[in-house]
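In case it helps, mature numbering (1 follows the signal peptide of the UniProt record, and there is no 0) puts the sequence shown at residues -20 to -1, 1 to 436.
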Amino acid sequence: MRRKARLVTTVAIATTAALTACSGSGTPGADEGDGSATINLWHTESTPITVEAMQEIIDEYEAANPGVEIIQETVAWGDLQVKFQAALAAGDLPEITHVEPMFVRTLYGQDLLLPLDEVVESFDGDYLPQLQEMFELEDGHTYGVVHAWGTDTTTYRADMYANAPEAGTPEDVTTWDESIEQWSAVAEANPGVSPLLLAGSAAHNVNEDLYLWLGSNGGTLFDENGHVTIDTPEMIEVLEYWKELKDTGILAPEWSSAAYADSLSGLANGDAATIYSFGRAVYTFQEQAPDLVPGEDIQVYGPRPVGPSGDDWITQLDAEPFVVFKDSPDADATIDFLKFFYEHDNYLSWIGTVPTQLLPVMPSMFEDPEWQALPEVQDWGFWIDVQREALESGHAYPLMVTSADEMSLPYLSDLYGSAILVDMVMEVVESGVDPAEAAATAQQRADELLSPQYQD
C-alpha cells in the first residue's frame, strides 16, 4: 500500500521546528537506488481548492510511483522570503519551491539550483517566450519554470466613476497630474468614498507600489553599473506624488494599515473606487458583491499613468517559478514529478482553480476548449485579456524589476527583504519627512547593505 502524502498548510512565518520537519535530505532508500524518495514541495497558492488540486496530482503521481512521497506545504507569498532564508541558513531546503523571480539569480549565484531543461523540453515549444527567457541564464540552461502567471491591474468601480462623467475613467488618464484631477472629481461625486485604496500593512505591497510608480516615472532602483540608486529625482517625484495623494484625501486614510484583502473588500463594498489588484480578486467580488456585474460595474485597465519624468508605464508580472535544488538526493524524482505536473490534464486542474490569476504558461491552453469553458473565463475573460496584453506588449516586469537588465542582479532580493524602501515611504507619507531627506537616508542604508556585493 502506497504512502499517502501529508498535507501541511502554512499561512504565517514557519517556526524553526517546522523548518526542521521539512528536511530536504531525502530518505535512506533514495541513496540506495530502490526507487523511494521524499519530495518536499513548497508553493504559494493557498486557496483551498488549489491546494486540493495539487494534492490530487500528488496522489495520482504517488500511485504510479510506489515509494515516492510528496509533501506539499503552502506559504503565504508575503512570508516566503523569511521562511526561505531561514531554511537556507539552516541548510534545510525543500526539494522544490516557488520563489520570486528575483531569487533565481541569487540562488544560481550560490550554485544551489539544478537545471530544469528537461522540464522545459517536455513542453515541446509550447511555452510563452516572455516567461521562458527570464530564467534562461548565461550558461545556456534554464533554472526556473513558471507555474502560472498574471499581471497587476487598475481595478475600479465603473458605477462610481459614472457619477463623475466629466472625469472619465482610468482609461482616459495618462499622467499623474491627470490622475489627481480625476480622482478629485470621483471623490466629489461619491461622498464618503476613497478614490484610491492601497494595501500598506505589508512590506511586500509597499515595495510593489513603489517600484511600479518608479518604473512608470522613468526611474530604476539600480544604475547601469548595478549599484543601488534611490536618491534620484525620479524617486523623489514618486514620494511627492504619494504624499500628495494622502494629503489631498485621494488615498484612503487607513491605507497604511490595510491588508491586500482589505483593499479587495473596500472595492467590493463601495468604500473605495480604485485599487490595484490581481485576478484572484474576482472571488472576493463574487462573494461580497454578487450584484455587481463583471465588465460593467467592475472593470480593469492595464496601463498606468506616467509620472513627469517617465515616457511609458510598467506593471507587475506575477510569475513565480518552480526551482529545484541540486544537492537533493531525490532531485531526479522531483524533475519527473514536475514533468507530470505540467501534463495537460494535471496542469488544467491546477490553473483551473483560479483561472483569472493562474494564467497558463502554455499559449495553446488559451485556445483549449476545456479552459475556455471555465465559468470564470466566461464571466471575467476581459480581465484575462488585459493581462495578456500587458505581457505581450512588454510592460510587465517581475517584482522589484524596472528593466530587463536588472534581472541579472543577484542582490535584488536583499533590497526587497530589507525595510529600507518601506521605511522611506512611511517616513514621507505618514510622518511628513521631506522626500529628498528620506531618499538620502534610504540611499545611505542601501549602500551599506549592498555595496559589499558589487563587482567593481
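Just so you know, even glycine gets a beta-carbon here, dropped at the ideal spot from N, CA and C.
Just so it is clear, the structure is predicted and the values come from calculations on it, not from any experiment.
- Remark: C-beta atoms of W129 and L339 approach each other more closely than 8 Å.
- For G148, the CB contacts under 8 Å within the same chain, skipping 5 residues up- and downstream, are Y141 and Q162 in chain order.
- If you ignore the 5 residues before and after Q268, its C-beta comes within less than 7 Å of the C-beta of S245, A248 and N249, all in its own chain and listed in chain order.
- Considering only W193, Q112 and A69, the residue with the shortest C-alpha distance to T295 is W193.
- The beta carbon of A169 lies closer than 7 Å to those of N143 and A144 in the same chain, with the five residues before and after it left out.
- Along the stretch 71 to 159, the alpha helix (DSSP H) occurs as fully enclosed runs of 4 or more residues at 81 to 89, 97 to 101, 109 to 112 and 138 to 141, listed in sequence order.
- Short of 6 Å from the beta carbon of G15, and not among the five residues preceding or following it, lie these beta carbons of its own chain, in chain order: G47.
- When DSSP states are grouped into helix, strand and coil, E49 belongs to the strand group.
- Nearest to I19 by C-alpha distance, out of L117, I315 and F258, is I315.
- T24 is positioned such that its CB atom lies no closer than 8 Å to that of A376.
- For I315, the enclosing alpha helix (DSSP H) covers residues A311 to F321.
- Between the stretch 69 to 85 and the stretch 199 to 210, the count of C-beta pairs closer than 8 Å stays below three; the two stretches do not touch.
- Going by DSSP, D394 is part of the alpha helix (DSSP H) stretching over L392 to G397.
- Residue pairing by DSSP puts A376 in a beta bridge opposite T295.
- Assigned with DSSP and collapsed to three states, T18 falls in strand.
- Unbroken alpha helix (DSSP H) runs of no fewer than 4 residues, entirely contained in the stretch 327 to 368, are found at 349 to 352, following chain order.
- The beta carbon of L219 lies closer than 8 Å to those of M404, V405, V408, V409, P415, A418 and A419 in the same chain, with the five residues before and after it left out.
- Secondary structure at F258: coil, using DSSP grouped into helix, strand and coil.
- Listed as beta-bridge partners of L192 by DSSP are no residues whatsoever.
- Taking 4 residues as the minimum length, the alpha helix (DSSP H) runs contained wholly in the stretch 394 to 433 are 400 to 409 and 415 to 430, in order along the chain.
- At a Cβ-Cβ threshold of 8 Å, A370 and G282 count as neighbours.
- For H23, the pairing in a beta bridge is given by DSSP as T54.
- Note on geometry: alpha-carbon atoms of A182 and S26 lie some 17 Å from one another.
- The stretch 256 to 267 makes no contact with the stretch 110 to 126: fewer than 3 CB pairs, one atom from each, lie closer than 8 Å.
- Boundaries for P301: no alpha helix (DSSP H) harbours it, while the beta strand (DSSP E) harbouring it runs P301 to V304, taken from the DSSP string.
- With 16 or more other Cβ atoms from the protein chains shown falling within 10 Å of its own Cβ, D298 counts as buried.
- Looking at the DSSP output, V218 sits in no beta bridge, so it has no partner there.
- Boundaries of the alpha helix (DSSP H) harbouring I37: P28 to A44, taken from the DSSP string.
- Contact between the stretch 170 to 177 and the stretch 38 to 55 is absent: fewer than 3 CB-CB pairs across the two stretches fall below 8 Å.
- According to the DSSP assignment, V280 belongs to the beta strand (DSSP E) that extends over I278 to Y281.
- A straight-line Cα-Cα distance of about 19 Å links I230 and E188.
- The C-alpha of M34 is placed about 18 Å away from the C-alpha of A17.
- Take the alpha-carbon of E323 and the one of W351: they are about 14 Å apart.
- The C-alpha of T134 lies about 26 Å from the C-alpha of A353.
- Comparing C-alpha distances from E101 to each of M342, T155, G259 and S289 shows the shortest one belongs to M342.
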